[in-house]
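Asks: Okay, here's the structure, questions in a sec.
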Amino acid sequence: MTEERDMEIEALGAIYMDSFNLIDQESIQITLLPNPGQDEPNYVGVILDIKFTPDYPNEVPIIKLTPQLDLTNEQLEEIKELVTTQANENIGTSMIFILTSVIKEWLDNNNHEPKEESEEESEEEEEEEEEEEPVFEGTQCTMETFNAWRKKFNEEFRPVKKETKSTKLTGRQLFEYDATLSISDSKLMEEGEETSNISAASIKPKIEEVAQQVDWSLFADDDVPEDFDDEDDE
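Under my numbering, the residue at position 174 of the sequence shown is numbered 175, and the numbers go up by one with no gaps.
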């Protein structure tokens, strides 16, 4: 290590004090903050590692930057570009203090409380959500379209009226109800005297009872017995 390098390292130690760290004869480390040792908060910071090369200061030393606090990777890249530019412009001179000054100035100008989300980013996200959200397209509801829908709805869901069944028996049901009515006139004649003993008076109540249960609307006018009409007239 040359005398010029020793003097530079000694000067840096005196300037940065507790923030300065001599790692070995060829390496130093300096922690840089916007407001070191003050009550004001720091939101960004950088640790600068320098490894001197044998030909320093006639060549750029090996430089490493480590972000601290809320320094983003994008901000760190910006600082690296500034440091690289200054290092190349100051080849041949003791440049470490120049490099730390560039970093300190950037930190002072960018020591802001990080925002959760910028307004521009928020607007962009809202626009993306609106684009992704499907737009519902339908028929606009008016009084005319509503009345048409209501009419169709009532027709489709109108309750079906139950058909009232007649309580009067049909001819077939009548004969099924009373099997004696299935006896034909020919059968009565064949039975001779046995059937002749059956009086009209004994049969008539039965016929009247059955007739009351017959639905005569199922028969033509010619099929209705005349004597039933006569009885009603009487």
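C-beta atoms are modelled at their ideal positions from N, C-alpha and C, and glycine is treated no differently.
1. Jot down the residue ranges of each uninterrupted beta strand (DSSP E) in the stretch 46-104, minimum 3 residues, whole runs only, in chain order.
2. Where DSSP assigns a beta bridge to glutamine 30, which residues make up the other side?
3. Roughly how many angstroms lie between the CA atoms of serine 63 and glycine 14, to the nearest whole one?
4. Given this structure, state the Cα-to-Cα distance separating glutamate 41 from leucine 70, to the nearest angstrom.
5. According to DSSP, is lysine 153 part of a helix, a strand, or is it coil?
6. Going by the CB atoms, is the gap between tyrosine 44 and isoleucine 115 shorter than 8 Å?
7. At which residues does the alpha helix (DSSP H) containing aspartate 7 begin and terminate?
8. Out of Ile104, Asn89, Ser20, which has the shortest C-alpha to C-alpha gap to proline 58?
9. Check the C-beta distance from threonine 32 over to isoleucine 48 and give it rounded, since I have them as a contact under 8 Å.
10. If glutamine 87 sits next to leucine 100, beta carbons under 8 Å apart, how far is it from one beta carbon to the other, in whole angstroms?
11. For aspartate 25 and arginine 6, what's the separation of their Cα atoms in angstroms?
12. For glutamate 41, which three-state DSSP category applies?
13. If distances are taken between C-alpha atoms only, which option among Gly46, Met96, Phe53, Thr54 comes closest to leucine 66?
14. Suppose you measure from the CA of proline 68 to the CA of glutamate 4; what does that come to, to the nearest Å?
15. Methionine 96: which of Leu34, Ile51, Glu128, Gln76 sits nearest, CA to CA?
16. From Gly38, Phe98, Lys153, pick the residue whose C-alpha is nearest to that of glutamine 30; which is it?
17. Buried or exposed: which applies to isoleucine 92, given that a residue is buried once 16 or more other Cβ atoms fall within 10 Å of its Cβ?
18. Do proline 35 and serine 20 count as a contact pair if the criterion is CB distance below 8 Å?
19. Applying the criterion that 16 or more other CB atoms from any shown protein chain within 10 Å of the CB defines a buried residue, is glutamate 9 buried or exposed?
20. Please identify the residue among Asp56, Asn111, Thr94, Phe154 whose C-alpha is closest to the C-alpha of glutamate 79.
21. Report all residues from its chain with a CB closer than 7 Å to the CB of valine 287; omit the five preceding and five following residues, and keep chain order.
Replies: Looking at the coordinates:
1. Whole beta strand (DSSP E) segments, 3+ residues: 63-70.
2. Answer by DSSP bridge pairing, in chain order: Asn22, Asp50.
3. The sequence given here places isoleucine at residue 63; serine does not occur at that position. The straight-line gap from Cα to Cα measures roughly 19 Å.
4. Rounded to the nearest angstrom, the two C-alpha atoms are 14 Å apart.
5. In the three-state reduction of the DSSP assignment, lysine 153 falls in the helix class.
6. According to the sequence shown, residue 115 is proline rather than isoleucine. Going by C-beta atoms, proline 115 is nearer than 8 Å to tyrosine 44.
7. For aspartate 7, the enclosing alpha helix (DSSP H) begins and ends at 4-17.
8. Of the listed residues, the one whose Cα sits closest to proline 58 is Asn89.
9. With a beta-carbon spacing of about 5 Å, threonine 32 and isoleucine 48 fall inside the 8 Å limit used to define contacts.
10. Yes, they are in contact, since the Cβ atoms of glutamine 87 and leucine 100 sit about 6 Å apart, within 8 Å.
11. Straight through space, the alpha carbons of arginine 6 and aspartate 25 are spaced by roughly 13 Å.
12. Coil.
13. The shortest C-alpha separation from leucine 66 is found at Gly46.
14. Answer to the nearest angstrom: the Cα atoms are 31 Å apart.
15. For the options Leu34, Ile51, Glu128, Gln76, the alpha carbon positioned closest to that of methionine 96 is the one of Ile51.
16. Distance from the Cα of glutamine 30 is smallest, within the candidate group Gly38, Phe98, Lys153, for Phe98.
17. It counts as exposed.
18. Serine 20 places its beta carbon 8 Å or farther from that of proline 35.
19. Looking at its Cβ environment, which holds 16 or more other Cβ atoms inside 10 Å, glutamate 9 is buried.
20. Of Asp56, Asn111, Thr94, Phe154, the residue nearest in Cα terms is Asn111.
21. Outside the shown range of the chain (2 to 235) lies residue 287, about which nothing can therefore be said.
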